[in-house]
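> Take a look at the following structure, please.
Chains as they are written, first to last, in this note's numbering: chain A, 96 to 282; chain B, 22 to 170.
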């Protein structure tokens, strides 16, 4: 079902639930992985994904269609992720309880990444980025989202996004290179 | 020297990084779970025991706020001071000094420094130490703590 049809059916109370069901099925995987990349843990991603779609349901009637529907949904998902991580950082105010370290530990424990040393280092490097910069990196590197669309999702200018991605990429490359350790000295 | 890592040359795993998949059937069940949440009745606010029009509720709330403000102003005024403070004024100063020096209370140099200047002559009519007595008393005070008497 195309987005205009979903929106039209959603406005009709008789077909609202059907339309919303279609919307969830259409965008659930994109939303889930967008969230999962940020919070790492499946249970957290599950909670947040549901929260995102509940908010979509509550506010879809006010959606002015000044942006693409998916961009609007992505913006809600982005805000939910950033709020979640921010509240988590506020709870873990002791230096010993570092949220980034906690996320890195979850990545290390993920069986899917076991054995792939370079990929593990890459993921840990990404987790070291500030939340917003990490988000920009994900949107560009994994989703290949155009900067113009990214600007609508994040509310940041295209120029700032390009600079942010460039710096993120440099930081990641430096970290992975250093984490490789010194080369063994020849006998 | 380490081989520099270059993102552009690293095989990009798309659309998501290497992460374990969600449980089997997750995406089949997610729409149902979301629909159940949006269909749940919203939490009802506290119900009034009697139907009160909005205008009356607003008036009651305004009265409560203004009344609280007025009460705080009155309590801060001289007329609002508790009766205990007025009762304390009636206690003769020698009795106050006797209580303070009885050992049941302790006060330090900071407490004395905070005394208003008009109370400096409080003990003048029954304590008349000489200069040497005052010096000896001060020298006898411990220097490692500021607690007196």
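Note that beta-carbon positions come from the ideal geometry of N, C-alpha and C, so glycine has one too.
Please state whether DSSP places residue 78 of chain B in a helix, a strand or coil.
helix
> Closest to residue 173 of chain A by C-alpha separation, out of A:125, A:205 and A:156, would be which residue?
A:125
> For residue 39 of chain B versus residue 207 of chain A, is the C-beta distance shorter than 8 Å?
yes
> DSSP state of residue 26 of chain B, grouped into three classes?
coil
> So is residue 100 of chain A in contact with chain B if we call contact Cβ pairs under 8 Å?
Using a CB distance cut-off of 8 Å, residue 100 of chain A does not count as an interface residue toward chain B.
> For the alpha helix (DSSP H) containing residue 259 of chain A, name the first residue and the last one.
253-274
> Could you say which of A:179, A:153, A:230 and A:202 lies nearest to residue 263 of chain A if we only look at CA atoms?
A:230
> Considering only C-alpha positions, which residue in the set A:137, A:150 and A:217 is nearest to residue 45 of chain B?
Comparing alpha carbon positions, the residue from A:137, A:150 and A:217 closest to residue 45 of chain B is A:137.
> Going by alpha carbons, who is nearest to residue 145 of chain A out of B:96, B:60, B:75 and B:25?
Of the listed residues, the one whose Cα sits closest to residue 145 of chain A is B:60.
> Mind checking residue 141 of chain A: buried by the 16 CB within 10 Å criterion, or exposed?
Buried, because 16 or more other Cβ atoms sit within 10 Å of the Cβ of residue 141 of chain A.
> Identify whether residue 131 of chain A lies in helix, strand or coil by the three-state DSSP scheme.
helix
> With residue 143 of chain A as the anchor, note down where its alpha helix (DSSP H) starts and where it stops.
137-154
> Just to confirm the assignment, what range does the alpha helix (DSSP H) spanning residue 247 of chain A have?
242-249
> Return the chain-ordered list of same chain residues with a C-beta closer than 6 Å to the C-beta of residue 218 of chain A, the five sequence neighbours on each side being excluded.
202
> Quick one: which residues of the region 39-64 of chain B get their C-beta closer than 9 Å to a C-beta of chain A? List them in chain order.
Legend: CB atoms of the region 39-64 of chain B lying less than 9 Å from CB atoms of chain A belong to residues 39, 40, 41, 42, 43, 44, 47, 48, 51, 52, 53, 54, 55, 56, 58, 59 and 60.
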